[in-house]
Amino acid sequence: MPKESSRPNIVILYADDLGFGDVGCYGATEIPTPNVDRLAAAGIRFTNGYATAATCTPSRYSLLTGSYPWRNQRAAILPGDAPLIIEPDSSTMPATFCRAGYRTGVVGKWHLGLGRGRIDWNDRIQFCPNDVGFDYSFIMPATNDRVPCVYLENGRVVNLDPNDPIEVTYDDTTVFPGELTGRDHPELLRVSHSHGHDGTIVNGVGRIGHMRGGTSALWTDETMAETFAKKAVEFIAADREQPFFLYYALHQPHVPRLPGPRFQGATKLGARGDVIVEMDWCVGEVLSALDRLSIRENTIVIFSSDNGPVLDDGYRDGAEELKDGHRPAGPLRGGKYSLFDGGTRVPFILSWPETVKPGESDALVSHVDFHASFAALNGQKLNDEEAPDSLNVLDALLGRSGTGREELVVEGTRSKTVYRRGDWVFIPPYQGPAINVNTNTELGNAPAPQLYDLSRDIGQITNLAARHPERAKELAARLDEIRAGNQTRQR
Ligand code: NG6
Ligand code: CA
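Numbering of the sequence shown is given in this note's numbering, commencing with residue 60 and proceeding in unit increments.
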C-alpha cells in the first residue's frame with residue numbers, strides 16, 4: 060500500500076498579504092524567518108505556486124471550495140457584516156475531509172462572510188465556518204482592520220458580556236451615539252490612517268466600519284498572534300487518534316501591523332518586517348507542537364499566502380519609508396490588487412517528512428487545486444459539480460512530478476482575470492487606473508492586451524502582444540472559454 064493512504068494530518072498555514080519575496084527561503088535578507096525556512100528545507104519550495112486572486116476573500120473562497128472566485132459574484136473583499144458567501148452544506152474542502160474521517164478546524168482570519176443578512180452578534184451566529192465543513196472554528200470575522208474586533212468561537216463572540224451587546228454597521232453615515240471615530244478623533248490614534256480606516260477606534264486604531272458595545276470582548280492586536288497560535292496548537296493536540304485538517308489563517312502581515320512586544324523592533328523594516336517575524340514564530344509554534352506530539356512525520360504542512368504584498372494599505376506605519384531595499388514581491392511586478400504576477404504568485408511550501416523528498420519545484424500549482432488533490436489522496440470521489448476548477452495535481456504537490464497544471468486563471472480585483480499557459484501570461488485590456496495611488500501598486504490595467512514570457516522576463520517588463528498577435532489571440536480565446544465554463548479536468 061502506498062504510504063499516502065495512511066491519511067496524513069494536513070495543516071494549511073495561510074499568511075495574509077505576504078509577498079513572494081517576504082521570507083528568507085524566497086530571498087528576503089532583512090527579515091529572519093527561520094521557521095518558514097526550516098519548513099522549506101524539509102519540504103518542497105514551489106516557485107510557480109499561485110493564489111487564485113490578488114485579494115483575500117476571493118482567494119480564500121477558492122482555497123476552500125476549489126472553484127475560481129469570479130464564478131461567484133459575491134467573492135469580493137467583504138465588509139465585516141457581509142453574509143456567508145459559501146452555501147451551507149455545499150461542497151468544500153473541509154467537508155470533503157470530514158467525509159474522509161478527519162476532524163476539521165479553522166483558526167484565524169475568516170473573511171468569507173457570516174450569517175444570512177442581519178447578524179445578531181450577541182447570539183450564536185448561524186451560517187459560520189461550522190456550517191461549511193469545519194467541526195471547530197476560532198476566528199476573527201473579517202480582517203484585523205474591520206469591525207467587529209472580536210473573536211468568534213464556534214459562532215459565538217468570545218468573552219461577551221450580555222449586558223453590553225454589540226452593534227455593527229458599515230453604513231458610513233451612521234455613527235453610534237458616543238462612538239469615537241478616527242475621523243473625528245485623530246488625537247486618540249496610536250497609528251494614523253493614510254486612506255480609509257477612519258471608523259470606530261478600537262485599541263487605539265481606527266478601523267473600517269462602526270461598532271459599539273462588546274467592550275469585554277474586544278481583541279488586543281498585540282496578543283492576536285499568541286491567541287491564534289494557542290488555539291491552533293490546542294486543536295492539533297485535542298485528539299491523537301483521528302487525523303485532522305487545520306486551516307490556520309495567520310493575520311500577518313495585513314494591516315494594522317501591531318506585533319507583540321517581543322517582536323517590536325525585530326527588523327529594521329518597521330512594523331511590517333516585525334509582524335512577519337511574529338508570523339514566523341506562529342509557524343514555529345505549530346511545528347514544535349507537531350514535533351512534541353510526534354506527529355510531524357505524518358503531517359502535511361503547507362505554508363502560503365492569500366495574495367501578494369502591499370506596503371501602505373491604509374495606515375502610516377513606516378512600511379514604505381523603512382523598506383530599505385527589501386523587495387516584498389521579490390523579482391515580480393505589482394503586488395496585492397495587481398493583475399501582474401506579484402498579485403498572486405506567492406510563497407508556496409509543502410512538507411511531509413515521511414513521504415516527500417525535500418527539493419524545489421517549478422511546477423505550476425494553485426491553491427484551487429488542494430481540494431481535488433487531497434480528495435484524491437484520501438480516495439474521495441468528487442462529482443462533476445464539486446470543486447469545478449480544482450485539478451488533481453497531487454504528483455506535483457508531492458514532488459513526484461515536475462509538471463502541475465498546464466494553464467491557470469488568476470484574478471486581480473473585481474473579476475478581472477489573467478490567463479497563464481506554460482510560461483506565457485496574457486492580460487486582457489482592462490479599464491481602470493494603471494496604478495493604485497493610495498497603495499502605490501501597479502494594477503496591470505492597460506488599454507491594450509499584454510503578453511509576457513515569464514521564462515525570460517519574470518518581471519513582466521516587455522509586452523510581447525504586438526510581436527506575437529496570434530499567440531495573444533489564442534490565449535485570449537482560451538481565457539474566454541474557461542470563463543464561459545468550458546474546462547477539461549484531470550481528476
Ligand atoms: C481594502 C482596505 C485595505 C484592506 C483590503 C482588504 C481601505 C482603504 N483599504 O478595502 O486596508 O483591508 O481592503 O485586504 O479600506 S484583504 O487582504 O483582506 O483582501
Ligand atoms: Ca490578504
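Glycine included, each C-beta is placed from N, C-alpha and C at the ideal position. It should be emphasised that the depicted structure is a prediction, and the values quoted were computed from it without experimental measurement.
Item: At least 3 beta-carbon pairs within less than 8 Å: the segment 236-254 vs the segment 209-217; Value: no
Item: Whether G108 touches S410 by CB criterion (7 Å); Value: no
Item: Under 7 Å between C-beta atoms of I267 and R183; Value: no
Item: Simplified DSSP assignment, three categories, for N94; Value: helix
Item: Closest residue to A296 among R355, P312 and A330 (Cα-Cα distance); Value: R355
Item: Three-pair Cβ contact test at 8 Å for the segment 366-379 versus the segment 305-321; Value: yes
Item: Buried versus exposed, by CB contacts within 10 Å (16 or more), K475; Value: buried
Item: Contact belief for V110 with V405 at Cβ below 8 Å, rounded distance in angstroms; Value: This sequence places Ala at residue 110; Val is not what is there. 5 Å between Cβ atoms; contact.
Item: Pairwise C-alpha distance: P320 and N218; Value: 23 Å
Item: Proximity of V191 and I260 at Cβ, strictly below 7 Å; Value: no
Item: Residue nearest to E445 in terms of C-alpha spacing, selected from L453, A434, G438 and V452; Value: A434
Item: Straight-line gap, L277 to D223 (C-alpha atoms, nearest Å); Value: 12 Å
Item: Whole-Å CB distance - A348 paired with G167, under 8 Å assumed; Value: About 15 Å; that fails the 8 Å criterion.
Item: With 16 other Cβ atoms within 10 Å as the buried cut-off, status of N451; Value: buried
Item: Residue closest to P412, alpha-carbon to alpha-carbon, out of I71, L98, Y374 and V234; Value: L98
Item: Closest by C-alpha distance to F193, when choosing among R177, G164 and D220; Value: G164
Item: contact_flag[the segment 224-233, the segment 283-298] where n(CB pairs < 8 Å) is 3 or more; Value: no
Item: Any non-hydrogen atom of ligand 4 closer than 6 Å to H269 Cβ; Value: Ligands displayed in this structure: ligand 1 and ligand 2; ligand 4 is not among them.
Item: Residues that Y551 bridges to, as DSSP identifies them; Value: A question about residue 551 goes unanswered here, because the residues of the chain that appear run from 60 up to 550.
Item: Any 3 or more C-beta pairs closer than 8 Å across the segment 531-543 and the segment 435-444; Value: no
Item: Residues bridged to N68 (per DSSP); Value: T358
Item: Residues that A141 bridges to, as DSSP identifies them; Value: According to DSSP, A141 bridges with nothing at all.
Item: 8 Å CB neighbourhood of D383 in its chain, flanking five on each side removed; Value: E89, K327 and L328
Item: Beta-carbon contacts of F156 that lie in its chain and below 8 Å, excluding the five residues immediately before and after; Value: I69, T163, G192, F304, F433 and N437
Item: Assigned secondary structure, S432 (DSSP; H/G/I helix, E/B strand, else coil); Value: helix
Item: Test item: CB-CB of C84 and D76 under 7 Å; Value: no
Item: Identified DSSP bridge partners for F303; Value: R162
Item: Closest by C-alpha distance to I198, when choosing among D220, H170 and T151; Value: H170
Item: Extent of the continuous alpha helix (DSSP H) to which F294 belongs; Value: M283 to A296
Item: With 16 other Cβ atoms within 10 Å as the buried cut-off, status of V477; Value: buried
Item: Cβ-heavy atom distance, D96 to ligand 2, below 6 Å; Value: no
Item: Touch test, the segment 411-430 against the segment 453-468, Cβ-Cβ under 8 Å, three pairs minimum; Value: yes
Item: Sequence-distant residues of the same chain with beta carbon closer than 8 Å to R537, five excluded per side; Value: E466, Y478 and R480
Item: Span separating the alpha-carbon of T498 from that of G393; Value: 11 Å
Item: DSSP state of V264 mapped onto helix, strand, coil; Value: strand
Item: According to DSSP, residues forming a beta bridge with N495; Value: T500
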